[in-house]
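Enquirer: The numbering used here applies: residue 2 is where the sequence shown begins, and numbers increase by one.
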Amino acid sequence: MSFPRPGGCECEAIRYQLTSDPITVYACHCTDCQTATGASFALSMYVDRDAVELLRGEPKLREFDLSDGRVRRALVCAACGTALWGKNRNLPELLNLQPGTLDDTSWFRPVGHIWARSAQPWVTIPPEALRYEKQLDDPLALVRAWKSRPDTPLPAVRPALDT
Ligand SMILES: [Zn+2]
Ligand SMILES: [Zn+2]
2 MSFPRPGGCE
12 CEAIRYQLTS
22 DPITVYACHC
32 TDCQTATGAS
42 FALSMYVDRD
52 AVELLRGEPK
62 LREFDLSDGR
72 VRRALVCAAC
82 GTALWGKNRN
92 LPELLNLQPG
102 TLDDTSWFRP
112 VGHIWARSAQ
122 PWVTIPPEAL
132 RYEKQLDDPL
142 ALVRAWKSRP
152 DTPLPAVRPA
162 LDT
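What follows is the structure in structure tokens.
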């Protein structure tokens, strides 16, 4: 596994690269996420803000007022509407990357699944993943699970194998 990893929006007006390993990756099966994505669950890949480098284009900040008073902030492509990443006011140093916008999505899988109680009935949550029926009580558990996943990349500097 290596970085940078390129990605972009559907119309390719915006291209970016992810330059380092994420903080964690998880899936949310809450009904809000099902509605917002129009799909079965939302994937969240938290990354350092500095780990996303724009290569082309400039996503636009869109703020969406939700019926319960929350505001969803998303950086989207103004041309095609693809949401690229979100911003969380409580975590200003991180971005919530939409990992489906990466060109290659084969190298990650969510280490945790939240709001499993409302997962669509055909969705199977792998037994090795962290499972939460509702909201997360300890977000750091997802960070630890990501760091200890079996396919964690090796550190950049490795001892020589031939000595
Ligand atoms: Zn686009
Ligand atoms: Zn959700």
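By construction, the Cβ of each residue, glycine as well, lies at the ideal position given by its N, Cα and C atoms.
1) Quick check: the Cα distance between Ala28 and Asn89, rounded to an integer number of angstroms?
2) Excluding five sequence neighbours on each side, which residues of the same chain lie with their C-beta closer than 8 Å to the C-beta of Gln121?
3) Is Val26 closer than 8 Å to Pro111 when the C-beta atoms are compared?
4) Looking only at its own chain, which residues have a Cβ that is under 6 Å from the Cβ of Glu64, when we skip the five neighbours before and after it?
5) Output the distance between the C-alpha atoms of Glu134 and Leu143, rounded to the nearest integer angstrom.
6) How is the beta strand (DSSP E) around Arg16 delimited, first residue to last?
7) Comparing alpha-carbon positions, which option in Ala130, Pro140 and Leu141 lies nearest Pro166?
8) Assuming Ile24 and Val48 form a contact by the criterion Cβ under 8 Å, report the distance between their Cβ atoms to the nearest whole angstrom.
9) Short check: CB of Pro93 to CB of Leu44, under 8 Å?
10) Under 6 Å Cβ to Cβ from Trp176, same chain only, skipping five residues before and after it: list those, please.
Expert: Here's the rundown:
1) Distance from the CA of Ala28 to the CA of Asn89, rounded to the nearest whole angstrom, comes to 16 Å.
2) The answer, listed in chain order, is His30, Gln35, Ser41 and Phe42.
3) yes
4) Val72 and Arg74
5) 14 Å
6) Arg16 to Leu19
7) As shown, the chain starts at 2 and ends at 164. That puts residue 166 outside it, with no answer to give.
8) 6 Å
9) no
10) For residue 176 there is no data in the structure shown, the boundaries of the chain being 2 and 164.
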